[in-house]
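Just so you know, the protein sequences line up as chains A and B, in that order.
Just so we're aligned, residue 1 is where the first sequence starts under our numbering, counting upward by one.
Just so we're aligned, residue 1 is where the second sequence starts under our numbering, counting upward by one.
What follows is a short report on a single structure.
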Amino acid sequence: MIITAQKPLDEILDFLSPYSNILIAGCDGCTQPPRGLREAKTLSQLIELGGRLRGKNFNLEVITMPKQCDSYLALTTLKPQTEDVEAILSLGCGLGVQTIAQVLPDLLVFPAQNTLFIGMEAREEGTFEERCAACGDCILALTGGICPVTRCAKGLLNGPCGGSSNGKCEVDPEKDCAWDLIIKRLEKLGRLSVLEEIRPPRNFWQVARPGRVKQL
Amino acid sequence: MEPSSNQQTVAVKINEDYCSRCSICSSLCPYDAIKKDPETGKMLLEIAKCQVCAICYSACPAKAIDIIYYDIKSLTKYLERAKQEYQSDSLVIMCKGCAPDFGGIEKLFGISKFVPLSVPCVGRIPVDVLLKAIATMGIKGIYILACEEDYCRFERGSSITGRRIMALNILLEQFGYGKEIIKLQRCSLKVKAARDKCISCGNCAFYCPYDAAKLESGAAEFDLNLCRGCGLCVALCPAMALELENWEGERISASISRLSLEMTKPKILVFRCQWSVFPSLDEKLNSDVRVIDLPCAARVDPLHILEAFQNGIDGILIAACPEEDCKSKTGSKESQRLITALRKTLSQIGLEERLHFCSVAPRYPETFYAELQQFKERIETSYSKKARQ
Chain A
1 MIITAQKPLD EILDFLSPYS NILIAGCDGC TQPPRGLREA KTLSQLIELG
51 GRLRGKNFNL EVITMPKQCD SYLALTTLKP QTEDVEAILS LGCGLGVQTI
101 AQVLPDLLVF PAQNTLFIGM EAREEGTFEE RCAACGDCIL ALTGGICPVT
151 RCAKGLLNGP CGGSSNGKCE VDPEKDCAWD LIIKRLEKLG RLSVLEEIRP
201 PRNFWQVARP GRVKQL
Chain B
1 MEPSSNQQTV AVKINEDYCS RCSICSSLCP YDAIKKDPET GKMLLEIAKC
51 QVCAICYSAC PAKAIDIIYY DIKSLTKYLE RAKQEYQSDS LVIMCKGCAP
101 DFGGIEKLFG ISKFVPLSVP CVGRIPVDVL LKAIATMGIK GIYILACEED
151 YCRFERGSSI TGRRIMALNI LLEQFGYGKE IIKLQRCSLK VKAARDKCIS
201 CGNCAFYCPY DAAKLESGAA EFDLNLCRGC GLCVALCPAM ALELENWEGE
251 RISASISRLS LEMTKPKILV FRCQWSVFPS LDEKLNSDVR VIDLPCAARV
301 DPLHILEAFQ NGIDGILIAA CPEEDCKSKT GSKESQRLIT ALRKTLSQIG
351 LEERLHFCSV APRYPETFYA ELQQFKERIE TSYSKKARQ
């Protein structure tokens, strides 16, 4: 899932203030926490309340869609709603905002979220944890399903480094040392020997930006 | 911190002078709050455990239990007054857990004119009151609406009422009052899910305290036999695909706009868990305070709070049970979490002081009104400050 955090209301009010007719677009897709209809309505009410305190009245409409990062869905859902709309406020991640900007080139689109990372939702702890860097050369098969690219502060592929102490990381002692986790897990699974095999260097070509994949 | 019982007025007391130490109260108490002292033989009430279901009160053969809410005297007084007001010889006694109002009674019992009495659990009504209504007040039929036995918020209140009524009907028939003069129906409110709106986020499945929600074949499915109608999933559904029967979002919205219009400034709106405060039968509120009773603090929807602010409400107070008293397991706790998060967001536009969450329990009858007074003073101060500017 794409983890996002809502922008400060002041920042949102600042960029919306020159405009009055705003369409707030939620996204039911993979953004976490879900930024669907409820979040869109909540934000609409907060903007109205915040606007009133600044002496500004907005005319706000609310809509949501299955996923904003689909050019076809974004266009067909939003286009019919854009008459008289001066700006769209997107609750999607950075992808949603950019997709809307691309399919509706004549309209202003603003982000309501800061996009943080690809993460998992640890429900019991009530946290979102970064787990994948979209590096394009997945090595999870060799590391017991634990990703050192994201979870090791130094992104080491041949760790642990000398800063690993009691299973914690020297960069942030609150966090687990990814390599300590990897080795313990491989040991438990009886697969520690995979780390002794010599492997060619990592294929960094895969992460050339911007990425593009042609669908078959 | 919970106030200690020796400084506070408590809602339930055992009157030693009358107590015959028969132990009926301790055998019926669903919360183990009454025990017999093995040395002295006295019945002891541990008020911290008491949930004020008043099953002990309605069962005590010696009338040795004193209770602040809905005692025989206040019930009788209310019924006498209400009988005049509603001009009917039918009496409807409903548990608040069944419905927020008496709208569904006509359909359920086939009567349109009746004397209404709504109480938190029908298990608290002593048989004396029913007999008095029939024998001296000219009531010809009593209709009781209770929660389904397994869903009783006080565990045994509904089933005990069922047994009492069965016995009472036999007695009344022998006395020539006719067959089944007291009618009992049961109902419990449940979640309503709009499958087509579900986005499969899994919130309901994770948060449901009763494991009633499962994510299956792309949408949430609810086992209504497990659903207890707390409303937590409704407040947490990001797609707004869920509703709680009789507590629909639109219904609460309509109450908010209606109440905000009839209030005087500064307007204080209270969202109150109906198990956290037991209002007296003639609860009178000042014109600047209005209350929306909810089936659990879990049904407090942040969207309704924002809507109330938009409607010109100046202060919003949330009254919930303490976590350990919550009648829906995690309802109070999750509600507090949601309100804390909303307060944090509201702080960005300077409104956080206008929203307050408090934990209150009916065992200490004064705490809610003390919290309300304190909050009112805070809002009034900021209101007069604003007016001066």
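The beta-carbon is built from N, C-alpha and C at its ideal position, and this holds for glycine as well.
Asked	Found
From the DSSP output, read off the bridge partner residues of residue 143 of chain B.	B/92, B/183
For a contact defined as C-beta to C-beta under 7 Å, what are the partners of residue 149 of chain B on chain A?	Those within 7 Å of residue 149 of chain B in chain A number zero; the least Cβ separation is about 33 Å.
If the cut is a Cβ gap below 7 Å, which residues of chain B does residue 28 of chain A touch?	199, 239
Measure the alpha-carbon distance for residue 49 of chain A versus residue 10 of chain A and round it to whole angstroms.	12 Å
Suppose contacts are defined by Cβ-Cβ distances below 9 Å. Is residue 334 of chain B in contact with residue 232 of chain B by that definition?	yes
Examine chain A for any beta-carbon lying closer than 9 Å to the beta-carbon of residue 351 of chain B, and answer yes or no.	yes
For residue 12 of chain B, name the three-state secondary structure that DSSP assigns.	strand
From B/375, B/23, B/33, pick the residue whose C-alpha is nearest to that of residue 12 of chain B; which is it?	B/33
Since residue 385 of chain B is in the alpha helix (DSSP H), which residue starts that stretch and which ends it?	367-388
Looking at the unbroken beta strand (DSSP E) that takes in residue 120 of chain A, where does it start and where does it end?	113-122
Chain A partners of residue 307 of chain B, CB-CB under 8 Å?	45
Going by DSSP, what residue range makes up the alpha helix (DSSP H) through residue 97 of chain B?	That residue, residue 97 of chain B, is in no alpha helix (DSSP H); it is neither H nor E in DSSP.
Please tell me whether residue 69 of chain A and residue 95 of chain A are closer than 9 Å, where the distance is taken between their beta carbons.	yes
Any chance the segment 31-42 of chain A sits against the segment 296-310 of chain B, with 3 or more Cβ pairs inside 8 Å?	yes
Report, in whole angstroms, the separation of the C-beta atoms of residue 182 of chain B and residue 144 of chain B, which I expect to be a contact under 8 Å.	7 Å
Please classify residue 20 of chain B as buried or exposed, where buried requires at least 16 other C-beta atoms within 10 Å of its C-beta.	exposed
Whose C-beta lies closer than 6 Å to the C-beta of residue 332 of chain B among residues of the same chain, with five residues either side of it excluded?	297, 320, 321, 323, 326
What does the alpha-carbon distance come out to for the pair residue 239 of chain B and residue 91 of chain A?	13 Å
What residues of chain B sit near residue 42 of chain A, judged by a beta carbon separation below 9 Å?	302, 303, 306, 342, 345
Would you give the residue range spanned by the beta strand (DSSP E) that residue 43 of chain B belongs to?	43-45
Using CA atoms only, rank isn't needed, just tell me which of B/146, B/152, B/62 is closest to residue 165 of chain B.	B/146
Would you report the Cα separation of residue 371 of chain B and residue 66 of chain B, rounded to the nearest angstrom?	25 Å
Please state whether DSSP places residue 140 of chain A in a helix, a strand or coil.	coil
When Cβ atoms are compared, which residues of the segment 7-27 of chain A fall closer than 9 Å to chain B?	8, 9, 10, 13, 26
Could you tell me the alpha carbon to alpha carbon distance between residue 2 of chain B and residue 357 of chain B, rounded to whole angstroms?	Note that residue 2 of chain B scores a pLDDT of 48, beneath 50, so its modelled location is shaky; the value from the coordinates is reported in the next line. Distance between the alpha carbons of residue 2 of chain B and residue 357 of chain B is about 15 Å.
Looking at residue 255 of chain B: is its Cβ nearer than 9 Å to the Cβ of residue 313 of chain B?	no
Let me know the secondary structure DSSP gives residue 97 of chain A once reduced to three states.	helix
Among A/76, A/131, A/13, A/147, which residue has its Cα nearest to the Cα of residue 3 of chain A?	A/131
Any chance the segment 76-95 of chain B sits against the segment 111-121 of chain B, with 3 or more Cβ pairs inside 8 Å?	yes
Against chain B, does residue 99 of chain A count as a neighbour if the rule is that its beta carbon must be under 9 Å from one of theirs?	no
Looking only at C-alpha atoms, which of A/141, A/24, A/25 sits nearest to residue 189 of chain A?	A/141
Hey, quick one: how far does the alpha helix (DSSP H) through residue 67 of chain A stretch, first residue to last?	Where residue 67 of chain A is concerned, there is no enclosing alpha helix (DSSP H), given that its DSSP letter is neither H nor E.
Within the chosen definition, does the segment 189-196 of chain B reach the segment 53-68 of chain A through at least 3 CB pairs nearer than 8 Å?	no
If the criterion is Cβ atoms closer than 9 Å, does the pair residue 88 of chain A and residue 73 of chain A meet it?	no
Roughly how many whole angstroms lie between the Cα atoms of residue 265 of chain B and residue 287 of chain B?	9 Å
Roughly how far, in whole angstroms, is the beta-carbon of residue 120 of chain B from the beta-carbon of residue 274 of chain B, given that I think they are within contact range, below 8 Å?	6 Å
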